[in-house]
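Residue numbers (the numbering used here): 213 to 371. Below is one structure, written out as structure tokens; comments come after it.
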Amino acid sequence: MTGLASERQARLLALLLPAGLLGGAYISQYFFGLYPCEMCWWQRYPHFAALAFALLAFVAPPRRMWIVLAGLAIVVSGLIGAYHAGVEYGWWQGHTACSVTALGDGDPLDAIMNAPLIRCDEVQWSLFGISLAGYNFLLSTFGGLAVLWLLGRRKGDAL
Numbered sequence: 213m214t215g216l217a218s219e220r221q222a223r224l225l226a227l228l229l230p231a232g233l234l235g236g237a238y239i240s241q242y243f244f245g246l247y248p249c250e251m252c253w254w255q256r257y258p259h260f261a262a263l264a265f266a267l268l269a270f271v272a273p274p275r276r277m278w279i280v281l282a283g284l285a286i287v288v289s290g291l292i293g294a295y296h297a298g299v300e301y302g303w304w305q306g307h308t309a310c311s312v313t314a315l316g317d318g319d320p321l322d323a324i325m326n327a328p329l330i331r332c333d334e335v336q337w338s339l340f341g342i343s344l345a346g347y348n349f350l351l352s353t354f355g356g357l358a359v360l361w362l363l364g365r366r367k368g369d370a371l
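Here it is as structure tokens:
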């Protein structure tokens with residue numbers, strides 16, 4: 213595989229990974245009622261940045277720099293996910309207050325007063341004992357490192 217093919221794969225992964233994770237977050241929020249807490253939002257912000265960097269890598273030089281920034285942003289989201297998962301599992305205490313998600317149309321005060329209270333230290337959903345924050349840690353950290361690894365590959369490197 214040539215260095216150019218690895219760069220293309222890195223650029224594509226840097227675009228698809230945060231897009232897929234953000235898409236999953238919004239689907240779980242709007243279709244399954246899993247509203248984000250404050251730390252959930254913290255994990256989304258680096259993915260937004262990664263998407264912007266990845267899109268820039270398709271249209272603006274220097275492409276490699278944008279891909280590196282996207283990969284690093286993805287890893288940052290994963291590290292925030294690790295911190296959030298630790299708070300959820302009680303390994304350490306978080307330093308955030310509970311957040312409230314305002315919902316619905318109509319009267320804003322009524323929406324705020326009837327909004328669900330979402331706590332950062334409670335797991336809303338898990339699969340095989342891993343919370344959404346834990347999955348974000350796994351997917352983002354290893355995915356972001358994969359972006360950087362693909363970008364660092366040169367022609368003739370073995371898989």
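Cβ coordinates follow ideal geometry from the N, Cα and C atoms, glycine included.
Measure the C-alpha to C-alpha separation of residue i and residue j and round it to an integer number of angstroms.
i, j, result
"G355", "L321", "41 Å"
"P230", "L357", "13 Å"
"W361", "M325", "48 Å"
"Q241", "A297", "18 Å"
"P248", "I330", "7 Å"
"Q305", "I342", "18 Å"
"C252", "V287", "15 Å"
"I279", "Y257", "17 Å"
"H275", "G235", "Inspection of the sequence shows that residue 275 is occupied by Arg rather than by His. Distance between the alpha carbons of R275 and G235 is about 25 Å."
"F244", "D333", "20 Å"
"H259", "L228", "11 Å"
"V359", "E250", "27 Å"
"A323", "L363", "46 Å"
"L246", "R365", "39 Å"
"L371", "G215", "For L371, the predicted model reports a pLDDT of 46, less than 50, meaning its position is unreliable; a value from the coordinates is still stated below. So the alpha carbons of these two residues sit roughly 12 Å apart."
"W303", "V335", "13 Å"
"D319", "P328", "16 Å"
"H307", "A217", "43 Å"
Could you tell me which of the options sits nearest to residue i, measuring between CA atoms?
i, options, result
"W337", "D319, A358, Y301 and G364", "Y301"
"A345", "L216, V299 and R223", "V299"
"Y238", "Q255, T353 and A222", "Q255"
"A264", "G364, A226 and L233", "A226"
"M277", "R223, G232, T353 and F340", "R223"
"T353", "L233, A217, S218 and G215", "L233"
Measure the beta-carbon distance from residue i to residue j and round it to whole angstroms, keeping in mind my assumption that it falls under 8 Å.
i, j, result
"A285", "A262", "4 Å"
"A282", "A272", "About 13 Å; that fails the 8 Å criterion."
Any heavy atom of the ligand GTP closer than 8 Å to the CB of residue i?
i, result
"W337", "In the structure shown, the ligand GTP is absent, as is every other ligand, since no ligand is present at all."
Answer yes or no: does any C-beta atom of chain C fall closer than 9 Å to that of residue i?
i, result
"Y257", "Within the model displayed, chain C is absent; a lone protein chain is all it includes."
So, does the region 343-351 touch the region 286-304, judging by three or more C-beta pairs under 8 Å? In short, these stretches touch, since the Cβ pair count reaches three.
Let me know the alpha helix (DSSP H) ranges lying completely inside the region 217-304, each 4 residues or longer, listed in chain order. List check, alpha helix (DSSP H) in window: 250-271 and 275-300.
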